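S.K.:
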Amino acid sequence: MRTTLTVNGERHDLSHDERLSLLDAIRDQIGLTGTKKGCDHGQCGACTVHVNGRRVNSCLTLAAMHDGDEITTIEGLGTPDAPGAMQASFQACDGFQCGFCTAGQIMSASAVLEEIGRGEPSHVSSSLSSIDGMTDGELAERMSGNLCRCSAYPMIRAAIARAAEAAE
Amino acid sequence: MTFDFKMDQPQPRLLDSTRQGLIGTDMARPEGLLKVTGAAAYAADHLPEGCVHGMLVRATVTRGRVTAIDEGSIGDIPGLLGVFHGPKFIRNPAQGMAGESPIRPDTEVHFHGQPIALVVAETFEAAREGALRLAVTYESAPAEVDPETASEVESDEPDTRGDWDDAWGKAAARVDLTFRTAGHVSAAMEPHAAVAEWQGENLLLRGALQMVATNRLELADALGVEPERVRVVSPFVGGGFGSKLGIGPEAVAASVAARDLGRPVRVVMARQTVFDAVLRRTETRQRLRLAADADGKLLALAHDDRISNLPGEGFAEPVSSASRFTYDALAMHFAQEVARNHRTPSGSVRAPGEAVGMITLEVAMDMLAQLLDIDPLDLRLKNVATSHPMTGQAFGEQRLADCLTEGARRFGWADRPAPGTRSEGDWLIGAGMAAAARPNALQESSARVRLTPWGAVVETDMTDIGTGTYAILTQIAGEMLGLPAERVEVRLADSDFPRSPGSGGSFGASSSGSAVFMAAKGIREKLARTLGCDPDDLALQDGIARGGNVERSLADLIDGELGETATVGPGKTAETHASAGFGAHFAEVAVHRWTGEIRVRRMLGLFDIGRVLNERTARGQALGGMIWGMGGALHEALEHDPRTGHIANRDLANYHVAAHADVPGDITADFLPVRDDHANPMQSKGVGELGISGSGAAILNAVHDACGARLLSIPATPDKVIAAMEEG
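Residue numbers (this note's numbering), protein chains in the order written: chain H, 2 to 169; chain D, 1067 to 1794.
1. Pick out the complete alpha helix (DSSP H) segments inside the segment 43-109 of chain H, 4 residues or longer, and give them in chain order.
2. Could you say which of H:Cys45, H:Leu21 and H:Leu114 lies nearest to H:Ile31 if we only look at CA atoms?
3. Determine which residues share a DSSP beta bridge with D:Phe1652 and list them.
4. Compute the Euclidean distance between the alpha carbons of D:Gly1419 and D:Ser1387, then round it to the nearest angstrom.
5. Using the Cα positions of D:Met1456 and D:Trp1694, report the straight-line distance between them to the nearest angstrom.
6. Name the one or two DSSP bridge partners that D:Asp1136 has.
7. State yes or no: is the C-beta of H:Ala65 within less than 8 Å of the C-beta of H:Thr4?
8. Straight-line CA distance for D:Asp1111 to D:Glu1256?
9. Does the beta carbon of H:Cys48 sit closer than 8 Å to a beta carbon anywhere in chain D?
10. In chain order, which beta strand (DSSP E) runs of at least 3 residues are fully inside the segment 1567-1617 of chain D?
11. Under 7 Å Cβ-Cβ, which residues of chain H neighbour D:Leu1718?
12. Mind pulling the chain D residues with CB within less than 8 Å of H:Ile107?
13. CA-CA distance, D:Ser1221 and D:Gly1116?
14. Note the first and the last residue of the continuous beta strand (DSSP E) segment covering H:Ser22.
15. With distances taken from CA atoms, which of D:Asp1481, D:Arg1476 and D:Leu1396 is nearest D:Ser1453?
16. Cβ of H:Ser59 less than 8 Å from any chain D Cβ?
17. Let's test the definition: count the other Cβ atoms within 10 Å of the Cβ of D:Asn1158 and tell me whether it reaches 16, buried, or not, exposed.
18. D:Asp1111 versus chain H: which residues are under 9 Å apart at the beta carbon?
19. Would you say D:Thr1339 lies against chain H (beta-carbon separation less than 8 Å)?
20. Taking 8 Å as the CB-CB limit, is H:Met66 close to chain D?
21. Pick out whichever of D:Ile1788, D:Val1556 and D:Ser1566 has its Cα sitting closest to the Cα of D:Pro1096.
22. Determine the direct distance from the alpha carbon of H:Val50 to that of H:Arg193, and round the result to whole angstroms.
23. To the nearest angstrom, report how far apart D:Asp1742 and H:Thr80 are at their CA atoms.
24. Going by C-alpha distance, which of D:Val1241, D:Thr1710, D:Val1291 and D:Ile1733 is nearest D:Val1127?
25. Can you check DSSP and say which residues form a bridge with D:Asp1225?
26. Determine, using beta carbons only, whether H:Leu111 comes closer than 8 Å to chain D.
27. Examine the Cβ distances between the segment 1316-1332 of chain D and the segment 1176-1196 of chain D and report whether three or more of them are shorter than 8 Å.
28. Tell me the DSSP secondary structure of D:Thr1339 in three-state form.
29. Give the DSSP-derived three-state secondary structure of D:Ile1733 in the structure shown.
30. Comparing the C-beta of D:Leu1056 with each C-beta of chain H, is any distance below 8 Å?
31. Just checking: is the beta-carbon of D:Phe1652 within a distance shorter than 8 Å of some beta-carbon in chain H?
32. Closest to D:Met1431 by C-alpha separation, out of D:Gln1077, D:Phe1307, D:Val1241 and D:Gly1649, would be which residue?
33. Go to D:Gly1544, then tell me how far its alpha helix (DSSP H) extends in each direction, as first and last residue.
34. Within 8 Å (strictly less), CB to CB, does D:Leu1147 reach chain H?
35. Taking Cβ positions, are D:Ala1401 and D:Ala1237 nearer each other than 8 Å?
36. Mind checking if H:Ile75 is an interface residue toward chain D, Cβ cutoff 8 Å exclusive?
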């Protein structure tokens, strides 16, 4: 079957097996391998990308469901020579070790800042109608879908807080 | 030219007098920007021209024989290229540093989930369908899967010291406890992956591997080819933690299929296969006995354990490793039993031994302090070993007492309220502490350093599994040769490069770093000769050499290129001196009065790791270890089906590794300034596993302080906490 995706602003016309996940489309068909497969079951968050501005586990959704969608991957945020703000913050704070979960952490983190900016509450927010701001507890809760077995969590949260401060 | 160095005597502290100012700093990782932008290519990110996809098939019986594999059962799948199995396939990953093929069971099955075949197809989807649908028939045999009731149990003579009965008999206080720990998995975020590509008779294997030199030998042996025909590369590894020490079934299967098909083959384990088929950490049952006089001086210490492994697997978790040298006692006793069973075989998972042994020792120490009504900190300070109790060796450097006292000061240990007196609503608050210890070793390692007019190039087959190898080798070479970091290039993890031990046992940084250090030292001596000065008077900084009143740029001083290859290895100091990392953990927890939920609110670790090579990567290792210790204490457990032994919770939804929400914002790790002159020429010690050692005990001891519940089985899940609160 055929699907058209726009990834990091570039249009891709894919011819593929119906069962192709969005993750495998991005990695193996389009060749953007910065997005990682850690579990293929939506349990680890390594495959997080943005679909039309929202974070999504790309392993849990089929490519065929995204005809015409706008996808952003880690490569869309910056390059080694010109890293994006969140990427630079992760580098500055050592918000990674092995680097395998890192794309997912960064894609999730940049979406989290937007979710907080929109005032969307989380499980630890004190009210359903408003949130308490950018606390460490809010970041920890909202980032808990992204596992890091190296356990660079303290540095990841420092990197997100730093990026949030810089954005203000 | 090759430069051989054996660590026969302490070496001058050269890195304390060099001028570049790189060593020990918190320099950012040179490969970091590749990682944060998705540009670092891991094994499975490679899809060479014509590459096809393989999926491993798992055994669905625990023990027996495959009698038929019906390839016709999946013959209808479009794009199917073949089903591979047979005598070259390995049963399980090689144990660390094996250097030869693991058991190749051919048609035999020895554990549920054993990889028995590989389905290869043009697409991943087709290969996966084939692996799931392939019809396999078995002849099944009975299998024991419970270590407690195993009929085959092996044991060696206990290691002992002193007169046990006498020491035990005259004690004023005694602790005799049984502690149980669940099995663990490494669960590196990168599933085990291999891309095999034959170029004529030569194999290029891109793998997710920690030790490429021995991995090459293991793969060549499994395939029956000369090692010279195999090249293994692994420049980026998505975490290892012991699970990628040895060559795995994915690499052998991919190589077999690629050769037959004449096309590159990529095999990535499904996450569930990583659980089933990669070596686990054994569950343990431990008996810990302590006896002390009324002042808290230890008289007797015994640490006996029972672990399990598959028949024929040589690895045995060294549970009592750190109990042998952390504290001194007149009488000591260490015994181990290995129960043979048919669970997934066991092997190295981060900090084999200490991860499960030190938590037991340190909970027992807390119980002894309680019995004697002595501050747990003071009890430890009274008993810190001043030499290795079992071998009599002096310690190269041993700063456990300083870690304990300085850590206590930073944590505010002395100001904590009395046990069981602090609460916030339904949450009971408590504090706990524990010691950390982990042996340190220098392993034989080689590196090549080339100085060119541009800068320095370092080559070694050492890996960076997130530990910071790219950073520290950059710093060592830059520091020794007077070059800024951006003029040093570090090339790693290619089996064509000089051989290192790879990443494992916390010895990688010190071993590979010492090889780079000695190679650079050789270059310094050549530079001094050219400059006409004594090597001791040579000063190198920012590409300028100074010595004997002469100043020249390095580029002028060398004629094209100056190279040195050094091989370093352990020598006499490893016999005369014991080397180990030490530390102290402090934790504050909240325990929910009604649900038994434990929340860790604060953790502090202070460590003696000798010279710190890079403060930020060392801190990352220490914090990561501390969080692993927390996860082991509170969350992680392999659950085995009692009928088949198979791992029931074989994914990341059911096996809980610590997530952001489990980790407190207030968690710190720091290091004392130490030099271990007997460890290696850089005076450094390992850090990758030390953080786990004891961190879970600080948490369990804090739980006891908070609510009186004494947890003697981990993970300390709420059901166990509630039961222990009712007892306590």
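All C-beta atoms in this analysis are idealised placements derived from N, C-alpha and C, irrespective of residue type, glycine included. Here the structure is a predicted model, which means the values were calculated and not measured.
M.R.: Reading off the structure:
1. Within the segment 43-109 of chain H, the complete alpha helix (DSSP H) segments at least 4 residues long are 86-94, listed from N- to C-terminus.
2. Among H:Cys45, H:Leu21 and H:Leu114, the Cα nearest to that of H:Ile31 belongs to H:Leu21.
3. According to DSSP, D:Phe1652 bridges with D:Met1499 and D:Leu1670.
4. Going by the C-alpha atoms only, they are around 6 Å apart.
5. For the pair D:Met1456 and D:Trp1694, the Cα-to-Cα distance works out to about 29 Å.
6. Paired residue(s): D:Ala1201.
7. With respect to H:Thr4, H:Ala65 sits close: the two C-beta atoms are nearer than 8 Å.
8. Each residue's Cα considered, the two are about 11 Å apart.
9. Cβ-Cβ to chain D under 8 Å: no for H:Cys48.
10. Here the runs fully enclosed are 1605-1607 and 1610-1613.
11. Neighbours of D:Leu1718 in chain H, taken as residues whose beta carbon is under 7 Å from its own, are Cys40, Gln44, Cys45 and Leu148 in chain order.
12. Per Cβ cutoff of 8 Å: Val1102.
13. Cα to Cα, the separation comes out at about 52 Å.
14. Unbroken run through H:Ser22: none, as it is neither H nor E.
15. Closest by alpha carbon: D:Leu1396.
16. No, no contact with chain D.
17. Buried is the call here.
18. Arg28, Thr34, Gly35 and Lys37, listed in chain order.
19. D:Thr1339 does not count as touching chain H.
20. Closer than 8 Å: no.
21. Checking every option, the nearest Cα to that of D:Pro1096 belongs to D:Val1556.
22. The displayed coordinates of chain H run from 2 to 169. Any statement about residue 193 of chain H would go beyond what the structure contains.
23. Rounded to whole angstroms, the separation of the alpha carbons of H:Thr80 and D:Asp1742 is 41 Å.
24. For D:Val1127, the closest of D:Val1241, D:Thr1710, D:Val1291 and D:Ile1733 by C-alpha to C-alpha distance is D:Thr1710.
25. According to DSSP, which records beta bridges pairwise, D:Asp1225 is partnered with D:Phe1400.
26. It is worth fixing the name first, because residue 111 of chain H is Ser in this sequence and not Leu. Using a CB distance cut-off of 8 Å, H:Ser111 does not count as an interface residue toward chain D.
27. Segments in contact, yes.
28. Helix, per DSSP.
29. If DSSP states are grouped into helix, strand and coil, D:Ile1733 belongs with the strands.
30. Nothing can be reported for residue 1056 of chain D: it is not among the residues displayed for chain D, which extend from 1067 to 1794.
31. Judged by the 8 Å Cβ criterion, D:Phe1652 is not in contact with chain H.
32. If we check each option's Cα against that of D:Met1431, D:Val1241 comes out closest.
33. Counting along the chain, the alpha helix (DSSP H) containing D:Gly1544 begins and ends at Thr1535 to Leu1547.
34. Taking CB atoms only, D:Leu1147 has no neighbour in chain H less than 8 Å away.
35. Going by C-beta atoms, D:Ala1401 is not nearer than 8 Å to D:Ala1237.
36. Yes, contact with chain D.
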